[in-house]
Amino acid sequence: MSSCTVGPDYVRPTAPMSPDFREVSGWKVAEPRDEILRGAWWELFGDPELSALEEQVAFANQNVATAEAQFRQARALVESARSAFYPTAAIGVSVTGNRQSENVGGFTVSKHSYADLTMPLSASWELDVWGRIRRSVESAGASAQASAADLESTLLSAQAAVAQDYYLLRTVDTQRQLLDATAVAYQKSLELTQNRYEGGIASRADVVQALTQLETTQAQAIDLGVLRAQLEHAIAVLVGTPPAELSIPVAPLVTAPPPIPVGVPSELLERRPDIAAAERLVASANAQIGVAVAAYYPTVTLSATGGFEGSHLSDWFIWPSRFFSVGPTITETVYDGGFRAAQTAQARAAYDANVAVYRQTVLTGFQDVEDNLATLRILADEAEVQDRAVNAARESVEVTTNQYKAGTRSYIDVVTTQTTQLANEVTANNIHGRRLTASVLLIKALGGGWNAAELPDV
Numbered sequence: 113m114s115s116c117t118v119g120p121d122y123v124r125p126t127a128p129m130s131p132d133f134r135e136v137s138g139w140k141v142a143e144p145r146d147e148i149l150r151g152a153w154w155e156l157f158g159d160p161e162l163s164a165l166e167e168q169v170a171f172a173n174q175n176v177a178t179a180e181a182q183f184r185q186a187r188a189l190v191e192s193a194r195s196a197f198y199p200t201a202a203i204g205v206s207v208t209g210n211r212q213s214e215n216v217g218g219f220t221v222s223k224h225s226y227a228d229l230t231m232p233l234s235a236s237w238e239l240d241v242w243g244r245i246r247r248s249v250e251s252a253g254a255s256a257q258a259s260a261a262d263l264e265s266t267l268l269s270a271q272a273a274v275a276q277d278y279y280l281l282r283t284v285d286t287q288r289q290l291l292d293a294t295a296v297a298y299q300k301s302l303e304l305t306q307n308r309y310e311g312g313i314a315s316r317a318d319v320v321q322a323l324t325q326l327e328t329t330q331a332q333a334i335d336l337g338v339l340r341a342q343l344e345h346a347i348a349v350l351v352g353t354p355p356a357e358l359s360i361p362v363a364p365l366v367t368a369p370p371p372i373p374v375g376v377p378s379e380l381l382e383r384r385p386d387i388a389a390a391e392r393l394v395a396s397a398n399a400q401i402g403v404a405v406a407a408y409y410p411t412v413t414l415s416a417t418g419g420f421e422g423s424h425l426s427d428w429f430i431w432p433s434r435f436f437s438v439g440p441t442i443t444e445t446v447y448d449g450g451f452r453a454a455q456t457a458q459a460r461a462a463y464d465a466n467v468a469v470y471r472q473t474v475l476t477g478f479q480d481v482e483d484n485l486a487t488l489r490i491l492a493d494e495a496e497v498q499d500r501a502v503n504a505a506r507e508s509v510e511v512t513t514n515q516y517k518a519g520t521r522s523y524i525d526v527v528t529t530q531t532t533q534l535a536n537e538v539t540a541n542n543i544h545g546r547r548l549t550a551s552v553l554l555i556k557a558l559g560g561g562w563n564a565a566e567l568p569d570v
């Protein structure tokens with residue numbers, strides 16, 4: 113009977129693809145090149161605090177819990193569709209009182225009241241001659257696998273969000289540490305200026321300028337507390353903890369961006385759960401075409417009914433009270449006003465739409481990888497230049513301060529060089545944080561070590 117299955121057999125649609133990622137050129141990747149991410153990808157960063165947070169996401173994040181429940185729902189729908197392969201049986205008991213008219217057909221009925229006691233057992237079985245049921249099960253199974261991939265995509269997104277927020281928080285911690293250290297240096301500059309003012313060497317304006325610079329820096333350090341609190345609260349929600357119960361100790365950003373195995377574009381089709389989900393929905397839509405086409409063919413049903421019927425309890429279950437009927441039924445719709453044609457056209461259009469979504473998802477996946485490869489490559493070059501700028505700014509502050517002490521430079525020159533140094537230090541710190549964030553996003557774009565082979569066989 114399987115040879116009679118109607119509708120197109122599924123073939124994965126083609127997707128636009130390049131032989132390699134363009135932006136990987138000039139970017140240092142992990143060796144060996146054919147290595148792929150596996151398991152707990154966040155361990156690449158070597159940060160125990162981050163690892164402890166990430167391990168809570170899978171069982172505590174509520175979006176992940178929602179996706180997991182939706183997968184169980186989809187898997188139950190597969191079992192519901194598969195049940196149509198088997199006969200349906202029902203049993204019942206009926207006790208009714210009946211009264212007929214005393215005048216039926218022009219003569220008087222001598223006994224017009226009686227009881228009808230029945231206990232029928234019925235069974236029916238639709239033969240899947242044209243594959244309608246098989247296509248329905250195929251569609252439900254592919255949809256369930258798409259739901260499983262959605263679960264993995266939700267989990268990966270939550271894990272990546274935790275890492276992004278965590279490294280942004282650490283960037284804030286480092287900037288706060290930098291501002292606090294700068295405030296200490298500015299305090300010394302204020303004391304130096306006050307001493308020079310008291311000695312008649314510096315003006316009152318120099319003292320006021322030094323005080324303004326110190327308090328402005330202290331205010332900036334305090335203001336970072338708002339962003340840090342918000343990031344800590346966001347991380348708490350991602351790991352399923354009330355914000356009041358999570359406290360992340362302050363620590364500077366010391367993690368270096370890790371080398372990440374990239375692979376080739378063709379591998380991305382198997383490594384990104386969102387691409388796998390889109391492909392499975394194409395398979396589901398393809399099977400629905402077969403379901404629609406099967407409606408053009410006759411429905412063959414085997415049915416049987418039997419049981420006992422009597423008018424008194426005493427003769428209800430005796431052998432002569434038995435009844436039965438059995439036989440096949442073949443039903444063919446001869447006219448439906450174009451309903452089946454419309455259903456088939458709808459199924460084919462839905463398939464075409466899912467193919468387009470799949471191809472767009474593939475293109476978006478390639479874009480994500482290329483974007484973050486470019487970001488990492490460019491930021492690495494920028495970091496080298498910025499580090500040199502920081503060193504030059506530090507030297508400029510030292511030279512200008514010595515010249516101010518010697519009386520050859522004004523205090524405004526000191527303020528200018530100190531402000532330049534702080535701005536460069538902050539920029540270098542932000543670049544470091546952006547590189548780590550781009551590393552997280554690249555891992556997410558590559559699928560986080562997941563593989564389509566992990567989809568459950570439903």
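Sequence positions in the sequence shown follow the working numbering and run 113 to 570.
Every residue gets a Cβ at the ideal spot worked out from N, C-alpha and C, and that includes glycine.
The straight-line gap separating the alpha-carbon atoms of A397 and T230 is approximately 46 Å. The C-beta distance from R211 to S195 rounds to 42 Å, too long to fall under 8 Å, and the pair is not in contact. Between P385 and E264, the CB-CB gap stays under 8 Å. Per DSSP, the continuous alpha helix (DSSP H) segment holding G337 begins and ends at R316 to L350. Taking the Cα positions, A368 is about 7 Å away from L548. By the neighbour-count criterion, in which 16 or more other beta carbons inside 10 Å mark a residue as buried, L425 falls on the exposed side.
By the Cβ rule, the segment 484-494 counts as touching the segment 547-563, because three or more pairs are nearer than 8 Å. With a 10 Å radius around the Cβ and a threshold of 16 neighbouring Cβ atoms, V438 comes out exposed. For G422, the uninterrupted beta strand (DSSP E) segment begins and ends at T411 to G422. Within the same chain, Cβ atoms closer than 6 Å to the Cβ of V412 are found at L239, V241 and I442, the five residues on either side in sequence being excluded.
DSSP, read as helix, strand or coil, puts F157 in helix.
In this structure, DSSP gives T353 a state outside helix and strand, which the three-state scheme calls coil.
Just so you know, the alpha carbons of A550 and Q271 end up roughly 14 Å apart. A residue is called buried when at least 16 other Cβ atoms come within 10 angstroms of its Cβ; E303 does not meet this threshold and is exposed. In this structure I360 does not touch L267 by the C-beta definition: roughly 21 Å separates them, more than the 8 Å allowed. Fewer than three beta-carbon pairs drawn from the segment 308-328 and the segment 371-382 are found closer than 8 Å, and the two stretches are therefore not classed as touching. The criterion of a C-beta distance shorter than 8 Å is satisfied by Q257 and R392. Your pair L162 and W153 does not check out as a contact, with CB atoms roughly 11 Å apart and the cut at 8 Å.
Relative to G375, the option among A565, G311, Y516 and L558 whose CA is nearest is L558.
Between T417 and F436 a beta carbon distance of about 7 Å is seen, short of the 8 Å cut, so the two are scored as contacting. Going by beta carbons, A179 and D292 fall outside the 8 Å limit.
The three-state secondary structure of I203, taken from DSSP, is strand. Secondary-structure assignment with DSSP links D228 through a beta bridge to T208. Contact between A390 and Y470 is confirmed by a C-beta separation of about 4 Å, below the 8 Å threshold. Closest option to G402, judged by alpha-carbon separation, among P232, R246 and P131: R246. Going by DSSP, S508 is part of no beta strand (DSSP E) but of the alpha helix (DSSP H) stretching over F451 to K517. The shortest C-alpha to C-alpha distance from G419 to any of A406, S234, V136 and A333 is the one to S234. Within the model, the alpha-carbon separation for W431 versus G422 is close to 11 Å. The Cβ atoms of V319 and T305 sit closer than 8 Å to each other. In this chain, the beta strand (DSSP E) harbouring V438 covers R434 to T443. Taking all protein chains in view, the Cβ of N173 is crowded by 16 or more other Cβ atoms within 10 Å, so the residue is classified as buried. Counting along the chain, T126 sits inside no alpha helix (DSSP H), nor does DSSP assign it H or E at all. Cβ-Cβ separation between D499 and A540: approximately 6 Å, consistent with a contact (criterion under 8 Å). As computed with DSSP, E238 is found in a beta bridge with T413. Scanning A459, I313 and P354 for the CA closest to the CA of T520 turns up I313. Residue burial annotation: Q530 is buried, with at least 16 other C-beta atoms found within 10 angstroms of its C-beta.
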